[in-house]
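Let me begin by presenting the structure, written as structure tokens, before commenting on it.
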Amino acid sequence: MKKYADLRLFYVFCAIFLFAFFSCASTNKGDRFVYTSESENPDIRYLQESIAYLDAARLFGSRVELENREISTSSVISKIENLLSSSTINQSENARLLALEGMALLMEDKKSRAKDCYEKALHLYRGDGQNAVLGYRLGLIENLADKNSIVDSADKPLLLLEQAISFYEKGQYLQAVAQFDTSFISLDSYYREAYTPVRDRAWEMRSLPEVVSASEDKDKAENLLKKTDIDIGTMLLLTQEFSNHLYSVTGGKKLSESDLFKRVLASGKLSPISDAEEKNLEKETQALRILCARFLWNLFTQNDKSLDFTKYSTLYKGYNMESPVSDVEVSSPDFDAVLGCVENEIMTLPDGEHFFPEKTVSALEFSKWLSSVE
1 MKKYADLRLF YVFCAIFLFA FFSCASTNKG DRFVYTSESE NPDIRYLQES
51 IAYLDAARLF GSRVELENRE ISTSSVISKI ENLLSSSTIN QSENARLLAL
101 EGMALLMEDK KSRAKDCYEK ALHLYRGDGQ NAVLGYRLGL IENLADKNSI
151 VDSADKPLLL LEQAISFYEK GQYLQAVAQF DTSFISLDSY YREAYTPVRD
201 RAWEMRSLPE VVSASEDKDK AENLLKKTDI DIGTMLLLTQ EFSNHLYSVT
251 GGKKLSESDL FKRVLASGKL SPISDAEEKN LEKETQALRI LCARFLWNLF
301 TQNDKSLDFT KYSTLYKGYN MESPVSDVEV SSPDFDAVLG CVENEIMTLP
351 DGEHFFPEKT VSALEFSKWL SSVE
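Its first residue numbered 1, the sequence shown is counted upward by one per residue in my numbering.
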């Protein structure tokens, strides 16, 4: 019995020794640092968030604010340089900071300095996933999959995210959506928050090749459809490119944006029909949802002269009734346009109650409404 008791003690001792050994190995600051929410430096986490949001803004083309603080590449670089001078930063954290600085510099198109950051980070620690992404964007790594066995397991979702971004930039939208969704499962939540607009945009754009194929000038059509916030000029170009609704204005000719705007404005297709409006429109004026409804309703009613296109305002004003759409008053110059577009299923109430008249519109979104105008 004593023999077995001694053997059990030996196994217990071995287990304790191995646990202590691997615990020390996993926290060795000179060799490895796993970037999880629990273990990472909060300053580094903030910088990673900032880079994620800035990168998503670069892809999506919009202004970004993070937790009510405006962020910029210059502010990120400044904070990184301050941290790099700190004696509390270990070797692998140093590598991560250099990789993040390289990403910020690359966004500023300072490729030479970004490359220096990449090489310094690589020398410090070869397993940093963020640095692998930087190397890929610099063209120093041809295939991220080749780095999969070298990069820390905790960083491998970063490689999946970068592959999703690459698919998006190449116009391979379905592949991008699938890869975004896969990477989001393992990444910290701020990556999902930052890149979800890009992912959703890819989902919208998945049918782009079919839409573009109907156009004579495919490059021009694709560039138009990729715009995220359209103005009146773009709205009219889209209408000219993807429909015949402006034939009476253009005579079948492809007009320049300026000429097209002047002719359409003179035709009254940009004028409200429910009431007068004092606002002067320019081709650079944002085509918000309310203005899109006005234009689309004018296109819809031009094809049917028997249609009473002010019947909604006549009815609701005549009986002194409240608007059925919470954020569009009966007194609105575009009341008839909004109700007409909704009733004829050209546009929708996104939440079943509000029209969101001041919301911006993407080119692809407008083109879908346009296709519903008969």
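Here a beta-carbon is modelled for each residue, glycine too, at the ideal position from N, C-alpha and C.
Here the structure is a predicted model, which is why all the values come from computation and not from measurement.
Under the DSSP assignment, Val133 falls in the alpha helix (DSSP H) whose first and last residues are 129-137.
Within the stretch 79-146, the alpha helix (DSSP H) runs of at least 4 residues that lie entirely inside it are, in chain order, 91-107, 111-124, 129-137. Using a Cβ distance threshold of 9 Å, Asn131 and Ala121 count as a contacting pair. Under DSSP, no beta-bridge partner is assigned to Glu241. For Gln286, the beta-bridge partners assigned by DSSP are Asp231. In this structure, the CA atom of Asp200 is about 31 Å from the CA atom of Leu281. Note on the stretch 288-360: whole alpha helix (DSSP H) runs with a minimum of 4 residues are 289-302, 311-318, 335-343, in chain order. Selection Phe356, Met347, Lys359, Leu288 evaluated against Ser371 yields Met347 as nearest (Cα-Cα). Assigned with DSSP and collapsed to three states, Glu70 falls in strand. One thing to note: Thr228 has its Cβ no nearer than 9 Å to the Cβ of Ala52. Straight across, the Cα-Cα distance linking Val198 with Tyr319 is about 46 Å. If you check the CB distance, Ile273 and Thr239 do not come in under 9 Å. For Val264, the secondary structure class from DSSP, reduced to helix, strand or coil, is helix. Assignment of Asn41 by DSSP, reduced to helix, strand and coil, places it in the coil class.
Taking 9 Å as the cut-off, the beta carbon of Ala194 is found no closer than this to the beta carbon of Asp43. With respect to the 9 Å criterion, Asp334 and Trp297 are classified as neighbours on the basis of their beta carbons. Gln48 sits in a helix when the DSSP states are folded into three classes. Gln179 carries a helical assignment under DSSP once its states are collapsed to helix, strand and coil. The Cβ atoms of Ser326 and Phe355 sit closer than 9 Å to each other. Nearest Cα to Phe309 within the set Glu358, Leu339, Met321, Leu158: Leu339. If you check the CB distance, Tyr190 and Gln48 come in under 9 Å. Here the C-alpha atom of Tyr125 lies approximately 14 Å from the C-alpha atom of Gly135. Going by C-alpha positions, Leu307 is about 47 Å away from Arg192. When the beta-carbon positions are compared, Asp109 and Gly127 stay at least 9 Å from each other.
Under the three-state reduction of DSSP output, Asn280 falls in the coil class, being neither helix nor strand.
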